[in-house]
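Trainee: Pasting in a structure now, in structure tokens, and then I'll have a few things to ask.
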Ligand SMILES: Cc1ncc(COP(=O)(O)O)c(C=O)c1O
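Numbering (the working numbering), first residue to last: 18 to 457.
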């Protein structure tokens, strides 16, 4: 794996002297023997989690860790309503997807009801990667083009076609010849018009594709630019991007694998903060609170173009057990008002980090939306300080609070807890971060 890969961020180094526990050392050795070196492990001193509940993880010694990182168990680890839905459905029926099913259609209709009317079809898959892969095919069939635009450190998944549009794998995994990258939107500190500069990058990339004889098929952007370093503001800046893509006959694909299902605190979907209706939307991760379910939501004309060319069958995609889990996730989001909570608690956490920022020049920027924050760590010259970011991440881990890093330089703390996170949990994180800054 290249040292410049996103997968190399916050990675355990076999030379690390931090691992004192013989159980952990034994597990690390087994993992490396089984998986080889390609499958990274978090932290200088990796954690062995054996149980979880709400926003807490517990290790093999029963020690509690505050989870400020995981968006898959988005409504809380092992939420009893999701666990119950899975157990009941597993006891009743779980098969492949070529039979009629009330459970599956009821969930699909509920999910579609959370989208703008123009997005009225969907296909289920089992992972974000599969959804992105399928969306690329749909965009190709609809436009007759092959060229795609992504941001400079985007991560979209691991199949052959998706790795070709994923610069975050680093130089060891070349982009496809049909792929162009654009800089992620700047945070706009300089007063620059973020919307226009981002759209101008897209315009140039389309012109470059054309110059190389490659017909434009579309652009895919994570609506919160997670791996690029988290760029959420100003709301609305994606409007010009979507207009540019469409003006040139392309398909706008919103990757909601990270911001979807209420994470940003501004409704269910990250794209709605920007006032756009994409042509295709891909989602996964939090959809089933850990059960493998993902989807592509499409305008009917894209689904029609796809159906003319291809059939679709996915053995596990949208099976009854996963749909039961995903339906329970929607129940919990509604009944526990988790989207409102994401907005309120996220703002509290952002305010707290901004207080730390005013007192410490090492915090360069605090950005994000809802319960998804990026805290940029810089040196005295304002340049990315990866080493200091890692010191903070590993220091928090030693205090049993879990976060990680993002951005190409790995200098942005990535804070993305399960949505039941409370202001008390924020205080635990902020106090620990403040102590580590003071001590460093
Ligand atoms: C923005 C984004 N898109 C797509 C994916 C791929 O999803 P999966 O790992 O479920 O295949 C990821 C995974 O991290 C992601 O962050």
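Ideal Cβ positions, reconstructed from N, Cα and C, are used throughout, including at glycine.
Closer than 6 Å by C-beta to residue 149: which residues in its own chain qualify, once you throw out the five before and the five after it? Chain order, please.
Mentor: 173, 174, 179 and 299.
Trainee: Determine whether the beta carbon atoms of residue 129 and residue 139 lie at a separation below 8 Å.
Mentor: The criterion of a C-beta distance shorter than 8 Å is satisfied by residue 129 and residue 139.
Trainee: Rounded to the nearest angstrom, how far is the Cβ of residue 428 from that of residue 114, given a contact under 8 Å?
Mentor: Wrong, their Cβ atoms sit about 43 Å apart, outside the cutoff.
Trainee: Tell me whether the beta-carbon of residue 211 lies closer than 8 Å to the beta-carbon of residue 202.
Mentor: Between residue 211 and residue 202, the C-beta spacing is below 8 Å.
Trainee: Within 10 angstroms of its Cβ, does residue 67 collect 16 or more other Cβ (buried), or is it exposed?
Mentor: exposed
Trainee: Tell me the rounded alpha-carbon separation between residue 214 and residue 54.
Mentor: 39 Å
Trainee: Report the option in 165, 136 and 37 whose CA atom is closest to the CA atom of residue 318.
Mentor: 136
Trainee: When burial is assigned at 16 or more other CB atoms within 10 Å of the CB, is residue 82 buried or exposed?
Mentor: Around the beta carbon of residue 82, a 10 Å sphere encloses 16 or more other beta carbons of the protein chains shown; the residue is thus reported as buried.
Trainee: Below 8 Å, how does it come out for the region 292-308 and the region 84-92: are there three or more Cβ pairs, yes or no?
Mentor: yes
Trainee: So does the region 42-62 actually touch the region 409-426, counting three or more Cβ pairs closer than 8 Å?
Mentor: yes
Trainee: In this structure, what does DSSP give as the bridge partners for residue 395?
Mentor: 401
Trainee: Going along the chain, which residues of its own chain have a beta-carbon closer than 8 Å to the beta-carbon of residue 397, five neighbours each way excluded?
Mentor: 378
Trainee: State yes or no: is the C-beta of residue 173 nearer than 7 Å to some heavy atom of ligand 1?
Mentor: yes
Trainee: Would you say the beta carbon of residue 364 is closer than 7 Å to some non-hydrogen atom of ligand 1?
Mentor: No; taking the cut-off as 7 Å, the Cβ of residue 364 has no heavy atom of ligand 1 nearer than that.
Trainee: Assess contact between the region 97-110 and the region 336-346, defined as three or more Cβ pairs (one per stretch) separated by less than 8 Å. Is contact present?
Mentor: yes
Trainee: Are three or more beta carbon pairs between the region 260-270 and the region 155-163 nearer than 8 Å?
Mentor: yes
Trainee: Would you say residue 302 touches ligand 1, meaning its beta carbon is less than 7 Å from a heavy atom?
Mentor: yes
Trainee: Nearest to residue 282 by CA position, among 246, 357 and 78, is which residue?
Mentor: 357
Trainee: Using a threshold of 8 Å, state whether the C-beta atoms of residue 23 and residue 222 are closer than that.
Mentor: no
Trainee: Do residue 311 and ligand 1 come close, with the Cβ less than 7 Å from some heavy atom?
Mentor: yes
Trainee: What is the residue span of the beta strand (DSSP E) that residue 70 lies within?
Mentor: Boundaries of the beta strand (DSSP E) harbouring residue 70: 66-70, taken from the DSSP string.
Trainee: I need the straight-line Cα distance from residue 145 to residue 102, nearest angstrom please.
Mentor: 22 Å
Trainee: In the DSSP assignment, find the unbroken beta strand (DSSP E) run with residue 269 in it and report its ends.
Mentor: 268-272
Trainee: Does the beta carbon of residue 272 fall short of 7 Å from some heavy atom of ligand 1?
Mentor: yes
Trainee: Below 8 Å, can you find three or more Cβ-Cβ pairs linking the region 359-372 to the region 437-448?
Mentor: yes
Trainee: Let's see if you can read the secondary structure: which residues bound the beta strand (DSSP E) around residue 300?
Mentor: 297-300
Trainee: Hey, how far is the Cα of residue 95 from the Cα of residue 69?
Mentor: 7 Å
Trainee: Verify whether the separation of the beta carbon atoms of residue 219 and residue 261 is less than 8 Å.
Mentor: yes
Trainee: Using a Cβ-Cβ cutoff of less than 6 Å, which residues in the same chain neighbour residue 294 once the five nearest sequence positions on both sides are dropped?
Mentor: Within the same chain, and ignoring the five residues on either side of residue 294 in sequence, the residues whose Cβ sits closer than 6 Å to its Cβ are 133 and 135.
Trainee: Determine, using beta carbons only, whether residue 291 and residue 246 come nearer to each other than 8 Å.
Mentor: Result no, Cβ atoms of residue 291 and residue 246 do not sit closer than 8 Å.
Trainee: Please go through the same chain and pick out, in chain order, the residues whose beta-carbon is closer than 7 Å to the beta-carbon of residue 454, but skip the five residues on each side of it.
Mentor: Here the set comprises 373, 377 and 379.
Trainee: Within a Cβ cutoff of 6 Å, which residues of the same chain sit near residue 345, ignoring the five residues on either side of it in sequence?
Mentor: 98, 99 and 102
Trainee: Measuring CB to CB, does residue 244 end up less than 8 Å from residue 423?
Mentor: yes
Trainee: Ligand 1 and residue 239: does the residue's C-beta get closer than 7 Å to at least one heavy atom of that ligand?
Mentor: yes
Trainee: Start and end of the beta strand (DSSP E) containing residue 83?
Mentor: 81-84
Trainee: What is the rounded straight-line gap between the Cα of residue 273 and the Cα of residue 197?
Mentor: 21 Å
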